[in-house]
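Protein chains: 2
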Amino acid sequence: MNISIESMTTTETPTAQLAAWVECLGQRLAQRDVDAALELFAEDCHWRDLVLFSWNLLTLEGKADIRDMLEARLDETQPENWTLEGEATLNDGVLEGWISLETAVARGKGYVRLKNGLCWTLLTSMRELKGFEEPSGRRRPLGVEHGHGHADKRNWLEKRRDEEAALGVTEQPYCLIIGGGQGGLGLGARLKRLGVPTLIIDKAERPGDQWRGRYKSLCLHDPVWYDHLPYLPFPDHWPVFTPKDQIGDWLEMYSKIMELNYWARTECLKASYDEAAGHWNVQVLRDGKPVTLKPTQLILATGMSGVPNVPVYPGAETFAGQQHHSSQHPGGDAWRGKRAVVIGANNSAHDICADLVENGAEVTMVQRSSTHIVRSDSLMDIVFGPLYSEDAVEQGLTTDKADMLFASIPYKVMPEFHRQAFEQIKERDKEFYDRLSAAGFMLDFGDDESGLFLKYVRRGSGYYIDVGASELIANGTIKLKSSPGLSVERIEQDAVVLSDGSRLPADLIVYATGYGSMNGWAAKLISQEVADKVGRCWGLGSGTTKDPGPYEGELRNMWKPTQQQNLWFHGGNLHQSRHYSLYLALQLKARFEGLETSVYRLAPSHHCG
Amino acid sequence: MNISIESMTTTETPTAQLAAWVECLGQRLAQRDVDAALELFAEDCHWRDLVLFSWNLLTLEGKADIRDMLEARLDETQPENWTLEGEATLNDGVLEGWISLETAVARGKGYVRLKNGLCWTLLTSMRELKGFEEPSGRRRPLGVEHGHGHADKRNWLEKRRDEEAALGVTEQPYCLIIGGGQGGLGLGARLKRLGVPTLIIDKAERPGDQWRGRYKSLCLHDPVWYDHLPYLPFPDHWPVFTPKDQIGDWLEMYSKIMELNYWARTECLKASYDEAAGHWNVQVLRDGKPVTLKPTQLILATGMSGVPNVPVYPGAETFAGQQHHSSQHPGGDAWRGKRAVVIGANNSAHDICADLVENGAEVTMVQRSSTHIVRSDSLMDIVFGPLYSEDAVEQGLTTDKADMLFASIPYKVMPEFHRQAFEQIKERDKEFYDRLSAAGFMLDFGDDESGLFLKYVRRGSGYYIDVGASELIANGTIKLKSSPGLSVERIEQDAVVLSDGSRLPADLIVYATGYGSMNGWAAKLISQEVADKVGRCWGLGSGTTKDPGPYEGELRNMWKPTQQQNLWFHGGNLHQSRHYSLYLALQLKARFEGLETSVYRLAPSHHCG
């Protein structure tokens with residue numbers, strides 16, 4: 001059967017129409033007829049592939065791009081069994097649905113959207129490697145050794161202890177993950193289930209301290225449905241916005257229950273890649289004692305935020321009060337009746353200002369450029385709601401399906417989706433924004449009005465999800481100094497002097513001035529040369545503020561091969577850490593098993609570290 | 001509309017037929033027409049009520065029993081909104097399905113089975129108290145305090161620490177749970193979500209030590225699908241049979257993540273009820289220091305197994321080797337080349353014998369009466385499979401639904417269900433049983449051939465779920481001394497001498513001789529008088545071996561009011577601890593909130609403690 005495109009505009013059900021398209025694509029690819037396959041795509045088409053075809057994370061834009069990829073990869077990939085899963089839907093002229101397929105080495109899932117019978121967006125993603133499926137469900141271990149005749153008489157605890165004692169000491173891990181926050185733990189859990197010997201190291205006393213150590217009032221800014229870790233979802237009484245110590249405890253529990261090999265109180269001093277030997281030499285201090293690790297793969301999961309930006313202002317050394325970066329801020333308890341100046345106007349700045357005024361301090365926020373503000377309620381209702389909410393759960397949308405739907409919208413198309421949502425939000429919260437503006441606060445919705453998530457993936461900064469601090473600014477409880485290009489002129493013994501000449505008396509200065517690029521970690525832990533070779537991490541190359549081109553269409557260097565052999569970057573919010581750790585884990589597992597993993601279109605490096 | 005019974009034998013769908021029956025019952029009860037309601041029941045009918053109508057756990061057998069209950073309870077209960085949920089099924093003449101209903105104070109669910117249009121079995125169970133629903137799903141807390149204007153500036157950690165510091169010190173718990181194993185923890189978690197101030201105490205160093213401290217090779221004998229705790233299911237890679245240390249770690253994590261107030265290293269010395277004051281006085285040693293607690297409700301969750309039975313044999317004091325109860329047995333490592341005698345032939349005896357021979361000891365098992373043996377595979381396939389298995393999960397059967405289906409079969413009817421299953425097992429494993437018998441092992445399937453679960457609920461002993469030790473007995477690796485009425489005559493310095501005159505040289509004697517009744521704990525911790533007032537715990541009163549009548553039809557004193565005011569017994573396997581903790585928690589919550597909870601047909605006491 002060979003279905004012509006025309007037949008899809010008949011009176012068939014949406015499901016039948018989409019099933020026919022999917023089957024047709026499968027057939028044409030099986031025939032290696034790239035021309036015919038491309039006839040199934042619209043001119044404006046986007047194929048996002050997560051590892052399945054490319055052993056890379058990339059989005060192909062337009063037919064020429066897709067042709068290149070197919071010509072390069074079709075013979076090796078051998079896609080087959082393209083199947084529509086479940087029912088298709090047809091809304092506003094977009095026919096869409098879930099697909100499954102297989103390749104020579106893997107099983108995949110995806111999502112497709114057609115307009116007028118032709119493909120507009122296609123997601124293909126690897127879900128598992130054939131022969132290396134995770135030991136879950138029907139594949140779970142038995143636990144007890146039936147028959148009592150087995151050779152290994154160690155029980156679970158003894159095996160676990162032996163593994164912990166050996167890994168990194170008498171046996172080298174295949175993967176070394178630097179950083180034991182949610183990113184390192186989620187990836188570690190996936191690698192554990194895949195049977196890849198992995199060690200996680202972290203400086204802190206215990207897992208979760210990355211959160212516990214931050215300012216007292218901190219809660220996650222993303223809601224619970226968005227924040228699950230792999231395999232072990234939060235119970236259904238878990239708060240919408242998890243307090244920092246509670247997420248800390250959860251991560252600590254997770255590390256133990258998932259049987260991760262985790263060295264706490266362990267700092268990475270230096271790493272270098274030995275190309276001849278094919279492994280890294282990593283110097284670490286474990287409990288103060290030097291240890292050399294020789295992992296094949298090195299994963300930096302040190303936080304997408306990178307190294308704190310601490311500005312150096314003239315006179316800072318003369319300041320008589322306390323001054324520290326927001327990452328060092330303990331909470332406002334000690335500042336009752338004191339004067340605080342907070343430099344910055346993003347998430348941390350807002351949280352810290354609110355915490356300080358609540359504790360009876362007199363606080364001035366210094367806003368140097370515009371900020372995107374979105375009320376938490378509105379964000380949850382309009383942006384998260386359809387995918388991550390109690391409604392979504394009740395409609396049977398699993399976390400994995402929500403993640404896939406989210407991933408199915410190519411970054412190129414995403415601004416259009418989000419602009420619509422933020423238009424609604426602007427209208428819904430007009431009065432709120434008007435009051436903030438009237439207080440002198442400089443607002444924006446991103447260069448192209450596409451709002452929070454795009455700002456996050458382009459630059460990872462420039463926003464505040466409002467949980468109340470904006471009202472304190474609007475009503476003057478938090479004082480505001482704000483104008484375009486405003487800067488700190490100098491610090492005096494007891495004050496901050498701004499470029500507009502104003503002088504802010506201060507007992508405390510908090511630098512809520514953000515973080516450097518993630519590959520600052522590569523520079524610090526490996527070398528500037530490697531950091532430059534890898535180039536910038538994060539950002540799409542959209543050409544908007546703080547996201548310089550050229551356009552890449554995926555987050556630079558994240559969860560995919562980099563220009564430095566066997567060096568990987570993992571991180572992001574809990575949602576990204578959860579979902580993209582799957583693709584990173586599959587790439588690492590394939591290499592561990594010695595599968596052919598030739599990378600299609602390895603991204604060139606842009607912008608030195 | 002008033003549907004006659006006759007109309008239900010028409011060509012309507014099973015769902016329409018059952019829906020009509022359910023609606024009809026609801027109408028007749030709403031009209032307080034007990035005669036008409038009883039017309040909907042068959043002569044052979046069983047109504048099992050878990051708290052919803054009776055504030056008790058009981059099964060009404062036959063129309064007269066049901067009439068009594070309805071006449072006593074209908075006005076107060078005010079059942080309404082009887083609704084069939086989902087689709088009914090019709091198999092072998094039994095029409096069955098899920099129901100929901102409400103009472104004046106609660107929401108309930110249930111399950112009904114009809115034969116020839118008339119009720120054969122009916123389960124009604126309380127699911128939540130109106131106005132006191134658990135804060136889950138849409139009711140979950142926000143976590144962050146929006147608006148920054150709130151009065152309580154403590155963060156999550158501070159509130160949690162304050163609660164832990166106050167409960168039992170400056171504030172008295174409403175509930176005190178003695179025993180922090182899976183029973184105490186699951187109940188504690190339910191009470192926590194219901195907002196009932198609860199303290200759990202346990203002697204051990206940390207939660208989970210109840211399992212960690214047992215013999216090295218121990219794994220749960222029930223499969224993972226049967227073993228989930230409330231709210232936080234095991235991840236899907238969890239082993240089928242959890243090793244003891246792994247379940248220990250899970251329990252420890254659970255205690256922390258569910259934010260339970262748990263005093264480890266705390267022993268209960270003595271408890272007495274102060275009737276005038278309406279609370280208990282409980283003397284405990286916390287970290288060696290005496291503390292008096294004054295809870296309103298006292299829950300013994302000390303293990304259904306009660307105090308270990310250690311037999312006293314003549315000459316035991318002269319034995320030169322080691323001798324200990326199975327609960328004290330550490331594992332076989334130290335006994336290579338030594339001779340061990342294990343007295344007993346149930347679960348622990350088998351596990352310990354297998355562990356010892358594997359470690360190179362020479363082992364004799366002494367079987368004094370017949371044992372019910374069932375192969376783990378067969379048990380999982382035939383008995384557990386339909387409700388607790390990967391198949392059941394794939395068919396969408398949630399743990400809660402499986403629990404309800406299990407509970408929907410009245411104990412009176414259960415032997416018939418189970419006899420059929422065990423007939424299959426006898427046939428399937430005929431060769432296995434023949435070989436065991438040939439080795440001299442005395443087998444049984446319970447007094448009425450109803451197998452494992454009935455033996456468990458009647459007497460809690462007398463069986464082994466085979467994970468391999470039976471083969472070692474069949475092939476002679478584990479030596480066997482077995483005959484009806486065989487007993488230990490005396491212990492000598494280096495041997496056990498049996499009543500048949502045989503002399504078993506021994507370096508180690510393990511008394512796998514079981515445990516006393518659960519209310520041995522009441523005698524020990526409260527008084528013999530209270531233990532006698534409460535009477536026997538566990539058992540149905542079936543009149544079979546070790547389960548003396550009169551017949552009660554529910555487990556004596558478990559999870560329901562006892563003859564001692566404000567004293568409760570909680571325990572059982574992980575399945576029972578999970579499911580019945582719901583009903584116990586609702587009974588405690590209702591009392592905490594001062595709701596009317598008059599108990600229908602409080603069970604009289606039978607058989608002194």
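Protein sequences, first through last, are from chains A and B.
Note that my numbering has the first sequence beginning at 1, numbered continuously upward.
Note that my numbering has the second sequence beginning at 1, numbered continuously upward.
We put the beta carbon where it would ideally sit given N, CA and C, even for glycine.
All values reported here derive from a predicted model rather than from experimental measurement.
Residue i versus residue j: straight-line alpha-carbon distance, rounded
{"i": "Cys219 (chain B)", "j": "His237 (chain B)", "result": "16 angstroms"}
{"i": "Phe592 (chain B)", "j": "Cys268 (chain A)", "result": "54 angstroms"}
{"i": "Pro223 (chain A)", "j": "Val240 (chain A)", "result": "5 angstroms"}
{"i": "Leu29 (chain B)", "j": "Ala37 (chain B)", "result": "6 angstroms"}
{"i": "Leu452 (chain B)", "j": "Tyr463 (chain B)", "result": "7 angstroms"}
{"i": "Lys481 (chain B)", "j": "Ser348 (chain B)", "result": "17 angstroms"}
{"i": "Arg193 (chain A)", "j": "Trp82 (chain B)", "result": "46 angstroms"}
{"i": "Tyr600 (chain B)", "j": "Leu405 (chain B)", "result": "24 angstroms"}
{"i": "Ala104 (chain A)", "j": "Tyr456 (chain A)", "result": "36 angstroms"}
{"i": "Val546 (chain B)", "j": "Ser100 (chain A)", "result": "It should be pointed out that residue 546 (chain B) corresponds to Lys in this sequence rather than to Val. Their backbone Cα atoms lie some 57 angstroms apart in a straight line."}
{"i": "Arg435 (chain A)", "j": "Glu471 (chain A)", "result": "9 angstroms"}
{"i": "Asp162 (chain A)", "j": "Asn261 (chain A)", "result": "11 angstroms"}
{"i": "Leu127 (chain B)", "j": "Tyr226 (chain A)", "result": "The sequence shown places Arg at residue 127 (chain B), rather than the Leu named in the question. Their backbone Cα atoms lie some 29 angstroms apart in a straight line."}
{"i": "His607 (chain A)", "j": "Arg73 (chain A)", "result": "29 angstroms"}
{"i": "Ile66 (chain A)", "j": "Lys115 (chain A)", "result": "18 angstroms"}
Selection from the options that minimises the alpha carbon distance to residue i
{"i": "Ile473 (chain B)", "options": "B:Pro295, B:Gly26 and B:Val342", "result": "B:Val342"}
{"i": "Met365 (chain A)", "options": "A:Leu397, A:Ala340 and A:Arg375", "result": "A:Ala340"}
{"i": "Phe319 (chain B)", "options": "B:Ile509, B:Thr562, B:Pro548 and B:Glu552", "result": "B:Ile509"}
{"i": "Met558 (chain A)", "options": "A:Ser577, A:Ser461 and A:Trp263", "result": "A:Ser577"}
{"i": "Pro484 (chain A)", "options": "A:Ile491, A:Leu498, A:Glu163 and A:Asn475", "result": "A:Leu498"}
{"i": "Gly179 (chain B)", "options": "B:Glu164, B:Asp75, B:Arg556 and B:Leu199", "result": "B:Leu199"}
{"i": "Ala264 (chain A)", "options": "A:Lys524, A:Lys63 and A:Lys289", "result": "A:Lys289"}
{"i": "Glu39 (chain B)", "options": "B:Gln27, B:Leu50 and B:Asp49", "result": "B:Gln27"}
{"i": "Leu185 (chain A)", "options": "A:Leu387, A:Gly543, A:Ile201 and A:Ala438", "result": "A:Ile201"}
Residue i vs residue j beta-carbon contact at 8 angstroms
{"i": "Val357 (chain B)", "j": "Ile478 (chain B)", "result": "yes"}
{"i": "Met253 (chain B)", "j": "Met253 (chain A)", "result": "yes"}
{"i": "Leu293 (chain B)", "j": "Thr371 (chain B)", "result": "no"}
{"i": "Ser326 (chain A)", "j": "Ile352 (chain A)", "result": "yes"}
{"i": "Gly303 (chain A)", "j": "Gly571 (chain A)", "result": "yes"}
{"i": "Trp156 (chain A)", "j": "Asp494 (chain B)", "result": "no"}
{"i": "Gly553 (chain A)", "j": "Glu61 (chain A)", "result": "yes"}
{"i": "Thr59 (chain B)", "j": "Tyr411 (chain B)", "result": "yes"}
{"i": "Gly108 (chain B)", "j": "Thr124 (chain B)", "result": "yes"}
{"i": "Arg428 (chain A)", "j": "Ser378 (chain A)", "result": "yes"}
{"i": "Gln323 (chain B)", "j": "Ala334 (chain B)", "result": "no"}
{"i": "Val307 (chain B)", "j": "Lys524 (chain B)", "result": "yes"}
What are the residues in the segment 115 to 134 of chain A lying within 8 angstroms of chain B by C-beta distance?
Residues passing the 8 angstroms Cβ filter: Glu134.
What are the uninterrupted segments assigned as alpha helix (DSSP H) that are 4 or more residues long and contained completely in the segment 234 to 301 of chain A, given in chain order?
244 to 257
Which full runs of the alpha helix (DSSP H) of 4+ residues lie inside the segment 158 to 202 of chain A, going along the chain?
182 to 193
Could you name the residues of the segment 438 to 455 of chain A whose beta carbon sits closer than 7 angstroms to any beta carbon of chain B, in the order they occur along the chain?
none
Just list the beta strand (DSSP E) runs in the segment 70 to 99 of chain A, keeping only unbroken ones of 3 residues or longer that don't cross its boundaries, in chain order.
80 to 91
My parser needs the alpha helix (DSSP H) runs of 4 or more residues fully inside the segment 464 to 545 of chain A; what are they?
469 to 474, 520 to 525 and 528 to 534
Could you please tell me which residues of the segment 215 to 245 of chain A, in chain order, have their CB closer than 7 angstroms to any CB of chain B?
Lys216, Ser217, Cys219, Tyr231, Leu232, Pro235, Asp236, His237, Trp238, Pro239, Val240, Phe241, Thr242, Pro243 and Asp245
Got a sec: which bits of the segment 359 to 371 of chain B sit with their beta carbon under 9 angstroms from any beta carbon on chain A, in order along the chain?
Asn359
Using a beta-carbon distance cut-off of less than 8 angstroms, what residues from the segment 382 to 403 of chain B approach chain A?
Glu390 and Val393
Give me the subset of the segment 325 to 337 of chain A whose CB atoms are less than 7 angstroms from a CB atom of chain B, sorted by chain position.
none
At 4 residues or longer, what runs of the alpha helix (DSSP H) sit wholly inside the segment 310 to 398 of chain A?
Qualifying alpha helix (DSSP H) stretches, in chain order: 347 to 358 and 390 to 394.
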